[in-house]
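Engineer: Numbering (mature numbering (1 follows the signal peptide of the UniProt record, and there is no 0)), first residue to last: -18 to -1, 1 to 356.
For every residue, glycine included, the Cβ atom is placed at its ideal position computed from N, Cα and C.
Before I ask anything, here is the structure I am working with.
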């Protein structure tokens, strides 16, 4: 487990901010979401991983026998800590090249499989493509999504980034104001949401190697969400965003406030404002369309994704990590089949979608199919 040094934490952590998770479990038309958890105090032991999973993981930790702390900050940072790669968050460096975190909750799979790594699918989520609730355009093709965010060829070059007004999209004539300039926002590069967004486009033969210059990046900081281009301590997007928002919450607020906005973020972007998730290639992000990723991927919502609790079996595992991992997966001496079900209930309680319907007789918790690693 990552043992954070007091000097590092003193610089970056003092406040824990509770935020909302995804919602979409019981009602198939509800949205799935995102949460940010900031560091809890100097000298604490904890792990880093997906902000999206923070609410669910914190609830699960509270129910488990473990005293492990969860710091979030992004799937990419969780993966780097598994691999002993130093990462920076809010100006401080942690992990420092030491392989001492053995589990990482992530909103995407591992990038490649390294020795000793095992990926475990634990639930389902999705990425929404957002605009205002009053925006009249309702559906985009995957090609339109790439065109808007990455350019016609996915290169992000000025020549390729021609989708600057709604009328340049295939359904743009139905937009509230077809001649309006599209105002674009996205999650940052440390986010598993961005990794998944790009990998899904690539799998559809629509590679996105770089984003267009007009796509604004919303980042999480200790002062709250802001644009990556904003100065230290400054934010040009508060309001409508609030300092207590996650980046996902903020993107939802930005989309809802302006019918010219087109953005992507986790499906929890409606947690603080009723933004509109567009259908993609005719499919909306309902529970049924997202759960199809398990059984019939070709019929699933295009931006459906699995969520993960990934591990390194070669890193030294702290006792508190061991307690949580075995509790979550129902392994003795800290877990049983009922604790595994409890873990799933914390995920669905935060609004994520169980891979199989918990209401069906014979349901097996966390039954999400085999992952890529090893």
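1. Throw me the rounded Cβ distance for the residue 202 and residue 90 pair, which I believe falls under 8 angstroms.
2. Taking the continuous beta strand (DSSP E) assigned at residue 245, which residues delimit it?
3. Can you give me the C-alpha to C-alpha distance between residue 25 and residue 51, rounded to a whole angstrom?
4. Who are the near neighbours of residue 119 in its chain, counting only those whose CB is closer than 6 angstroms to its CB and skipping five residues on each side?
5. Given residue 101, which residues of its chain have a CB within under 7 angstroms of its CB, disregarding the five upstream and five downstream residues?
6. Locate the beta strand (DSSP E) running through residue 298, then write down its first and last residues.
7. Return the CA-CA distance between residue 327 and residue 334, expressed in angstroms with no decimal places.
8. Just checking, does the stretch 311 to 331 make contact with the stretch 343 to 351 on the three C-beta pairs under 8 angstroms criterion?
9. May I have the straight-line CA-CA distance separating residue 11 from residue 172, to the nearest angstrom?
10. Contact defined as beta carbons within less than 8 angstroms: I believe residue 331 pairs with residue 105. What is the distance between those atoms, to the nearest angstrom?
11. So, residue 123 versus residue 263, is the Cβ gap smaller than 7 angstroms?
12. Considering only the beta carbon of each residue, do residue 133 and residue 142 sit closer than 7 angstroms?
13. Around the C-beta of residue 185, are 16 or more other C-beta atoms found within 10 angstroms, so that it is buried, or is it exposed?
14. Taking a contact to mean a Cβ-Cβ separation below 7 angstroms, would you say residue 98 touches residue 295 in this structure?
15. Are residue 283 and residue 108 closer than 7 angstroms when you measure CB to CB?
16. Beta carbon of residue 249, beta carbon of residue 31: below 7 angstroms?
17. Round the Cβ separation of residue 237 and residue 257 to the nearest angstrom and send it over; I've been treating them as touching at under 8 angstroms.
18. Where are the beta strand (DSSP E) runs, 3 residues long or more, that stay fully inside the stretch 146 to 229, in chain order?
19. Return the chain-ordered ranges of every beta strand (DSSP E) run that is complete within the stretch 65 to 151 and spans a minimum of 3 residues.
20. For the alpha helix (DSSP H) containing residue 272, name the first residue and the last one.
21. Within a Cβ cutoff of 6 angstroms, which residues of the same chain sit near residue 197, ignoring the five residues on either side of it in sequence?
22. Please report the distance separating the alpha-carbon of residue 261 from that of residue 267.
23. Report the residue from 63, 338, 161 and 147 whose alpha carbon sits nearest the alpha carbon of residue 87.
24. Do you know how far the Cα of residue 150 is from the Cα of residue 234?
25. Is the distance from the Cβ of residue 170 to the Cβ of residue 127 below 7 angstroms?
26. Could you pull the start and end residues of the beta strand (DSSP E) that residue 39 belongs to?
27. Taking the C-alpha atoms as reference points, what is the distance between residue 276 and residue 220?
28. Since residue 163 and residue 242 are thought to touch, with beta carbons under 8 angstroms apart, how far apart are those beta carbons, to the nearest angstrom?
29. Closest to residue 393 by CA distance: which of 214, 212 and 315 is it?
30. By how many angstroms is the C-alpha of residue 29 removed from the C-alpha of residue 340?
31. Can you name, in chain order, every residue of its own chain whose Cβ lies under 8 angstroms from the Cβ of residue 181, other than the five neighbours on each side?
32. Opposite residue 292 in the DSSP bridges: which residues?
33. Name the two residues that bound the continuous beta strand (DSSP E) containing residue 327.
34. Step through the CB atoms of chain D and report whether any lies within less than 7 angstroms of the CB of residue 285.
35. Please list, in chain order, all residues of the same chain as residue 230 whose beta carbon is under 6 angstroms from its beta carbon, the five residues on each side excluded.
Structural biologist: According to the data block:
1. With 8 angstroms as the limit, residue 202 and residue 90 do not qualify as a contact, their Cβ atoms being about 17 angstroms apart.
2. Unbroken beta strand (DSSP E) run through residue 245: 243 to 248.
3. Model confidence at residue 25 stands at a pLDDT of 38, short of 50, so the residue's coordinates are unreliable; what they give is reported in the following sentence. Roughly 11 angstroms between the two C-alpha positions.
4. Apart from sequence neighbours up to five positions away, the residues of its chain that approach residue 119 with a beta-carbon distance below 6 angstroms are 153, 156 and 157, ordered along the chain.
5. Same-chain partners within the cutoff: 91, 92, 290, 292, 353, 354 and 355.
6. Secondary structure note for residue 298: it is in no beta strand (DSSP E), with a DSSP letter that is neither H nor E.
7. When rounded, the distance between both Cα atoms is 9 angstroms.
8. Counting Cβ pairs under 8 angstroms, three or more are found: they touch.
9. At residue 11 the pLDDT is 30, less than 50, meaning the model places this residue with poor confidence; the figure from the coordinates comes in the next sentence. If you draw a straight line from the Cα of residue 11 to the Cα of residue 172, it comes to about 29 angstroms.
10. Incorrect: roughly 11 angstroms between the Cβ atoms, too far for contact.
11. Going by C-beta atoms, residue 123 is nearer than 7 angstroms to residue 263.
12. In this structure, residue 133 sits near residue 142, with a CB-CB distance shorter than 7 angstroms.
13. Counting Cβ neighbours within 10 Å, residue 185 comes out exposed, since fewer than 16 surround it.
14. Taking 7 angstroms as the Cβ cut-off, residue 98 and residue 295 qualify as a contacting pair.
15. Residue 108 is positioned such that its CB atom lies closer than 7 angstroms to that of residue 283.
16. For the pair residue 249 and residue 31, the CB atoms are not nearer than the 7 angstroms cut-off.
17. Taking the Cβ atoms as the reference, residue 237 lies roughly 4 angstroms from residue 257, within the contact range of under 8 angstroms.
18. Runs of the beta strand (DSSP E) inside the stretch 146 to 229: 165 to 169 and 197 to 201.
19. With a minimum length of 3 residues, the continuous beta strand (DSSP E) runs that stay inside the stretch 65 to 151 are 69 to 71, 74 to 76, 85 to 88 and 103 to 113.
20. Residue 272 -> alpha helix (DSSP H) spans 269 to 277.
21. Only 131, 166 and 168 meet the Cβ criterion.
22. The straight-line gap from Cα to Cα measures roughly 7 angstroms.
23. Nearest C-alpha to residue 87: 63.
24. Using only the alpha carbons, I get a separation of about 23 angstroms.
25. For residue 170 and residue 127, no; Cβs fall outside 7 angstroms.
26. No beta strand (DSSP E) contains residue 39, which is instead part of the alpha helix (DSSP H) from 36 to 45.
27. Each residue's Cα considered, the two are about 39 angstroms apart.
28. Under the criterion of beta carbons closer than 8 angstroms, residue 163 and residue 242 qualify as touching, at roughly 6 angstroms.
29. Since the first residue shown for the chain is -18 and the last is 356, residue 393 is missing from the structure and cannot be characterised.
30. So the two alpha carbons sit approximately 29 angstroms from each other.
31. The answer, listed in chain order, is 90.
32. Residue pairing of residue 292 in beta bridges, as defined by DSSP: 86.
33. Following the DSSP letters along the chain, one finds residue 327 in no beta strand (DSSP E) but inside the alpha helix (DSSP H) bounded by residues 319 to 331.
34. Checking the listed chains, one finds no chain D in this structure; it contains a single protein chain.
35. Only 16, 247, 248, 250 and 251 meet the Cβ criterion.
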